[in-house]
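Report on one structure; see the data block that follows.
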């Protein structure tokens with residue numbers, strides 16, 4: 001201690017301070033009984049048979065009767081076994097793969113908030129979106145400039161409790177308030193499995209799910225959801241209906257260089273983004289919308305005011321610090337910090353190689369083939385390497401989800417995405433241990 | 001430096017660490033341009049005429065056409081003047097009054113979260129409410145035990161993005177999913193001004209606002225909202241309809257000892273609480289529900305899953321630390337920490353004395369009179385001292401809100417609460433500077 005102190009500088013103080021903070025946080029988290037083992041149950045670690053019911057219920061769809069079955073969740077969990085009994089849950093897109101990057105970043109991205117801060121409802125009353133933290137808004141603009149995946153000049157930023165809330169805010173803002181019947185909401189199949197249930201769970205008189213955009217033929221106003229790259233299949237998309245009465249909402253949750261080539265800075269009327277899939281911080285529940293029309297942005301803000309009276313300031317401040325770290329990592333040319341997107345790109349590239357090799361070795365599964373494209377951010381061409389694998393079972397296997405379930409691999413059936421049960425969606429974003437176990441087991445299914 | 005280091009102990013490290021944290025936070029917040037001045041604009045500090053429009057729009061109601069007027073908000077704000085030109089905005093219940101307590105608590109309640117923590121969607125997959133942080137759940141139970149304002153044994157806890165989201169989750173959970181028409185939602189006037197708009201903004205086919213509970217006569221299922229103590233008038237309430245087909249939701253946002261005597265531990269079927277009005281942390285957007293019926297709790301959880309896929313982990317962890325500090329402050333008998341509720345009680349008692357004196361001096365305003373009751377927590381009898389003053393203008397003044405607006409005092413008209421415009425609701429929770437300015441100006445209106 002004495003020797004340390006003789007060379008005490010502010011830098012040392014900082015290191016000591018942050019070291020202590022880790023201690024406090026760890027102690028705090030341990031007190032919370034949210035041990036790593038427990039946290040992991042939901043997203044891939046060993047669980048008993050009853051846990052397999054869980055993936056059917058949570059985030060699969062909004063049917064009330066389905067939720068009843070999640071009573072099984074509260075049952076106790078068996079001890080881990082590392083062999084074939086271990087259930088691999090890749091039903092959800094829980095982005096825990098990114099934990100290793102942020103652990104390597106150390107305390108540079110630690111957020112510290114005093115008890116007396118951020119108490120007011122208001123963040124910036126001069127802003128149209130009065131609950132948007134200005135520092136978060138600035139970091140959103142910096143990140144899009146750095147990556148080149150979206151234009152921010154001339155756009156209003158609306159923050160949301162994840163992009164799911166912003167999606168509903170967009171439906172509210174774009175629905176004709178005086179219409180005699182709800183406006184149709186469509187998306188090209190395979191579409192994100194939550195769109196139908198999130199659109200219809202309140203039986204709103206403003207909007208109504210109308211299914212696959214390919215088969216939408218009504219000559220009336222409609223809202224088309226374009227997810228690009230697409231969840232579940234990873235392909236780049238454009239609107240398919242293209243009628244005069246249509247309004248398009250672009251979900252760009254996956255338009256980041258670790259998943260797909262950044263071919264142009266997006267400049268559509270209404271674009272949704274989220275930290276869950278860009279930086280991996282799903283637990284923050286933070287998303288943002290870039291909105292061209294002022295009145296639409298105002299109505300989206302009104303929706304979030306009525307729905308949750310704003311968005312957590314704590315998470316906005318933390319998200320600002322995370323986004324700043326990501327932008328900084330892209331500027332660094334020396335060895336000081338690893339470029340976040342290069343880390344993500346390399347990890348996804350390796351995982352897709354592993355998965356394609358396993359599917360080939362098994363011989364029972366097909367994966368989509370993607371044309372390479374040039375990425376302006378990474379200054380090279382590559383094939384998309386999506387956050388989800390859109391797996392198709394071969395031959396006689398009609399229900400791919402049940403087939404994989406029989407091998408204790410939990411995935412999401414194509415049924416939920418409006419297509420055949422021969423398809424399943426598999427998360428590519430889980431921790432290394434789980435992903436390796438998955439590809440190993442898949443390769444041994446013959 | 002050298003002398004400090006010779007007596008270096010972990011306690012010193014802690015103090016140094018926390019001292020540095022303050023520095024980091026302050027720097028961080030300053031970078032955020034969310035300066036105290038800006039934060040304050042929305043809740044009472046000096047603003048120009050255009051700002052007066054703001055209170056008409058934000059959190060007043062959900063009418064889309066109203067939100068248009070908030071375009072004025074983005075206009076610039078005039079420099080402060082301390083005299084009569086200064087607009088006093090007490091329309092919202094922004095609980096900034098509590099900042100002084102948490103500032104005095106210092107860094108004891110500082111939250112520190114590393115970049116790699118709380119990344120998963122899941123908090124406790126074994127819990128019915130799978131996104132509820134276990135440490136937060138435990139602190140909720142401890143606080144209710146300490147205060148004695150609610151029973152927690154045999155209840156399920158559901159966390160929400162503020163109690164506004166939980167209110168909607170309750171409507172979703174309690175509505176018959178197969179009903180031919182929406183269930184009626186009622187509350188006795190004067191009722192919380194947001195109930196009608198939050199119930200109807202999506203034109204849900206599940207539930208529909210049916211107005212004042214006193215005039216509800218339909219012989220069909222209904223949901224009655226009972227806010228006790230009531231927002232806006234502060235009176236203790238029970239259900240008024242009392243029919244066999246009714247379901248009651250109790251909003252206990254203000255059932256805390258600083259506002260009203262704690263006469264019994266509440267044990268109703270569905271009870272809502274929020275940190276916004278209990279500890280003053282509105283910016284966290286954290287509330288919780290105590291729910292007796294497992295299926296209702298499961299459906300509320302499903303609503304929040306569909307609405308926002310869970311609740312900010314960062315704010316839950318911070319709320320846990322704040323609730324723990326409140327519970328601890330109630331245990332302390334030495335001078336180490338000030339009892340949070342005694343602080344709040346004394347502050348509210350003083351403010352109500354000031355307000356009644358000012359109303360008396362003016363002679364133009366009436367305030368409700370409350371019967372004293374025994375508080376089991378403070379072990380004494382006292383009269384309720386609500387978070388809002390329900391002010392009635394005397395004689396010829398028919399529109400009290402416009403009258404006070406002409407004196408640059410922004411309040412919320414009785415119209416929004418289902419009663420006469422002779423009434424206004426005034427926030428009692430703003431910072432000392434604003435409250436003192438308010439009572440001074442009120443006393444001079446003759």
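Chains as they are written, first to last, in UniProt numbering: chain L, 1 to 446; chain S, 1 to 446. We put the beta carbon where it would ideally sit given N, CA and C, even for glycine. Given the structure is predicted, the values throughout are model-derived calculations rather than measurements.
Contact check, residue i vs residue j, beta carbons under 8 Å
i: residue 430 of chain L; j: residue 212 of chain L; result: no
i: residue 116 of chain L; j: residue 102 of chain S; result: yes
i: residue 169 of chain S; j: residue 309 of chain S; result: no
i: residue 445 of chain S; j: residue 364 of chain S; result: yes
i: residue 110 of chain S; j: residue 111 of chain L; result: no
i: residue 122 of chain S; j: residue 130 of chain S; result: yes
i: residue 361 of chain S; j: residue 413 of chain S; result: no
i: residue 241 of chain L; j: residue 186 of chain L; result: yes
i: residue 400 of chain L; j: residue 424 of chain L; result: yes
i: residue 296 of chain S; j: residue 317 of chain S; result: no
i: residue 256 of chain S; j: residue 160 of chain S; result: no
i: residue 388 of chain L; j: residue 439 of chain L; result: no
i: residue 190 of chain L; j: residue 386 of chain L; result: no
i: residue 167 of chain L; j: residue 306 of chain L; result: no
i: residue 301 of chain L; j: residue 87 of chain L; result: no
i: residue 417 of chain L; j: residue 193 of chain L; result: yes
i: residue 265 of chain S; j: residue 150 of chain S; result: yes
i: residue 283 of chain L; j: residue 370 of chain L; result: no
i: residue 276 of chain L; j: residue 162 of chain L; result: yes
i: residue 236 of chain S; j: residue 279 of chain S; result: no
i: residue 351 of chain S; j: residue 407 of chain S; result: no
Whole-Å CB distance - residue i paired with residue j, under 8 Å assumed
i: residue 286 of chain S; j: residue 319 of chain S; result: 5 Å
i: residue 298 of chain S; j: residue 172 of chain S; result: With 8 Å as the limit, residue 298 of chain S and residue 172 of chain S do not qualify as a contact, their Cβ atoms being about 11 Å apart.
i: residue 409 of chain L; j: residue 90 of chain L; result: 7 Å
i: residue 411 of chain L; j: residue 120 of chain S; result: Actually they are not in contact, since the Cβ atoms of residue 411 of chain L and residue 120 of chain S sit about 18 Å apart, beyond 8 Å.
i: residue 376 of chain L; j: residue 262 of chain L; result: 5 Å
i: residue 251 of chain L; j: residue 312 of chain S; result: Incorrect: roughly 21 Å between the Cβ atoms, too far for contact.
i: residue 292 of chain S; j: residue 148 of chain S; result: About 19 Å; that fails the 8 Å criterion.
As assigned by DSSP and simplified to three states, the class of residue i
i: residue 439 of chain L; result: helix
i: residue 487 of chain S; result: The structure shown does not extend to residue 487 of chain S, since chain S is modelled only from 1 to 446, so the question has no answer here.
i: residue 169 of chain L; result: helix
i: residue 400 of chain L; result: helix
i: residue 422 of chain L; result: coil
i: residue 127 of chain S; result: coil
i: residue 460 of chain L; result: Outside the modelled stretch of chain L, which goes from 1 to 446, sits residue 460 of chain L, for which no answer is possible.
i: residue 159 of chain L; result: strand
i: residue 408 of chain L; result: coil
i: residue 322 of chain L; result: helix
i: residue 353 of chain S; result: helix
i: residue 391 of chain S; result: strand
Cβ neighbours of residue i in the same chain (closer than 8 Å, five flanking residues each side left out)
i: residue 152 of chain S; result: 140, 141, 144, 145 and 290
i: residue 219 of chain L; result: 243 and 245
i: residue 182 of chain L; result: 175, 204, 205, 206, 207 and 208
i: residue 294 of chain S; result: 128 and 156
i: residue 372 of chain L; result: 261, 381, 382 and 383
i: residue 374 of chain S; result: 261, 263, 380 and 381
Same chain only: Cβ atoms within 6 Å of residue i, ignoring 5 sequence neighbours per side
i: residue 436 of chain L; result: none
i: residue 433 of chain S; result: none
i: residue 239 of chain S; result: 224, 226 and 248
i: residue 188 of chain S; result: 213, 214 and 240
i: residue 470 of chain S; result: There is simply no residue 470 of chain S to check, as chain S begins at 1 and stops at 446 in what is shown.
i: residue 341 of chain L; result: 257 and 258
Same chain, Cβ closer than 7 Å to residue i, neighbours up to 5 away in sequence not counted
i: residue 491 of chain S; result: Here chain S has residues from 1 to 446 only, and residue 491 of chain S is not among them.
i: residue 345 of chain L; result: 257, 258 and 378
i: residue 415 of chain L; result: 421
i: residue 98 of chain L; result: 279 and 280
i: residue 404 of chain S; result: 411 and 424
Please specify which runs of the beta strand (DSSP E), each continuous and at least 3 residues long, are wholly inside the segment 178-233 of chain L, giving them in chain order.
183-187, 207-212 and 222-227, all fully within the segment 178-233 of chain L.
Residue ranges of each beta strand (DSSP E) run of no fewer than 3 residues wholly in the segment 284-310 of chain S, ordered along the chain?
The DSSP assignment places 287-291 as complete runs of the beta strand (DSSP E) inside the segment 284-310 of chain S, in order along the chain (cut-off: 3 residues).
Quick check for students: name the residue ranges of the beta strand (DSSP E) that lie wholly in the segment 259-288 of chain S, counting only runs of 3 or more.
You should have 270-274.
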